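Beneath this line is the structure, given in structure tokens, with notes to follow.
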Amino acid sequence: MFKHMLLATDGSNAAKNAEDYAFNLNATCGMKLTILHVLDDKLCHYGKVDTLAPLEARESFISYVIEEQEEASKKIVTALEDKAKAMNATFELKIQAGEPVEIVASFANKGSFDVLIIGGKRSKRTRGFKALSFADKLGSQVDHTIITV
2 MFKHMLLATD GSNAAKNAED YAFNLNATCG MKLTILHVLD DKLCHYGKVD
52 TLAPLEARES FISYVIEEQE EASKKIVTAL EDKAKAMNAT FELKIQAGEP
102 VEIVASFANK GSFDVLIIGG KRSKRTRGFK ALSFADKLGS QVDHTIITV
């Protein structure tokens, strides 16, 4: 039986289903729950792309993106706290900034987790090009069992 689970969430609808699943396991089975929320900083590079824009405008744009992400993160954390309270669940929250797949994989591999829970699904095999899902990308980088909800 799993004893310690890591839930990676971004507040999306798929992630909310995974949150419900993880909170339920925590409340009913007593599994320790750590939640990782990643502030995706990939948008910050856009302020560096337009070299013709004044430096002040680029820095202003980067600041705006970071502020928007932090505001969204506060809403996600508040929703997590409210949901945990309603489901009588407890968790430890970690927030990091960076590229989500890299951060989640690194955090999962360094921790003492038995299972990683994420929202979404693996991509279906089709002819031609295949767009890899978040779960597909994590699957090749994480040593733990991954449950997609």
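Those letters in the sequence shown? Residues 2 to 150, by the working numbering. Ideal Cβ placement from N, Cα and C applies to all residues, glycine included. These numbers were taken from a predicted model, which means no experiment stands behind them.
key: Three-state secondary structure (DSSP) of valine 39   = To locate residue 39, count along the sequence shown from 1; it is residue 38. Three-state result, valine 39: strand.
request  = Select from Val143, Lys33, Leu56 the residue whose C-alpha is nearest the C-alpha of proline 101.
outcome  = For this step, residue 101 is matched to residue 100 along the sequence shown. Nearest of Val143, Lys33, Leu56 to proline 101, Cα basis: Val143.
query = At a cut-off of 6 angstroms, is glycine 31 close to the ligand MG when judged by its beta-carbon and the heavy atoms of the ligand?
reply = For the ligand MG, the structure offers nothing, since it holds no ligand at all.
task = Take glycine 112 as the anchor and find which of Gly120, Lys95, Gly121, Gly99 has the nearest alpha-carbon.
result = Start at 1 with the first residue of the sequence shown, and residue 112 comes out as number 111. Minimum Cα distance to glycine 112 is reached at Lys95.
request  = Report the partner residues of lysine 95 according to the DSSP bridge assignment.
outcome  = Translated into the one-based positions of the sequence shown, residue 95 becomes position 94. Note: lysine 95 sits in a beta bridge opposite Leu37.
message = Taking the alpha carbon of threonine 149 as the reference point, which residue from His5, Ala23, Lys4 has its own alpha carbon closest?
response = By one-based count along the sequence shown, residue 149 stands at place 148. The shortest C-alpha separation from threonine 149 is found at Ala23.
ask   = Run through DSSP, which three-state label would leucine 81 get?
value = Here residue 81 corresponds to residue number 80 of the sequence shown, with the count starting at 1. In the structure shown, leucine 81 sits in a helix (DSSP, three-state: H, G or I).
query = Do leucine 7 and alanine 106 come within 7 angstroms of each other at the CB atom, strictly closer than that value?
reply = To locate residue 106, count along the sequence shown from 1; it is residue 105. To locate residue 7, count along the sequence shown from 1; it is residue 6. Not closer than 7 angstroms, so no.
ask   = Expressed to the nearest angstrom, what Euclidean distance is found between the alpha-carbon atoms of phenylalanine 62 and glutamate 72?
value = Indexing the sequence shown from 1 puts residue 62 at position 61. Indexing the sequence shown from 1 puts residue 72 at position 71. Whole-angstrom Cα-Cα distance: 15 angstroms.
key: Span separating the alpha-carbon of leucine 40 from that of threonine 79   = The count along the sequence shown starts at 1 and reaches residue 40 at position 39. The count along the sequence shown starts at 1 and reaches residue 79 at position 78. If I take the Cα positions, the gap works out to 15 angstroms.
ask   = So leucine 53 is in the beta strand (DSSP E); what residue range does that whole segment cover?
value = In the sequence shown, counting from the first residue as 1, residue 53 sits at position 52. Counting along the chain, leucine 53 falls outside any beta strand (DSSP E), and DSSP gives it neither H nor E.
task = Specify the secondary structure class of alanine 90 as computed by DSSP and reduced to three states.
result = Translated into the one-based positions of the sequence shown, residue 90 becomes position 89. Coil at alanine 90, not helix or strand.
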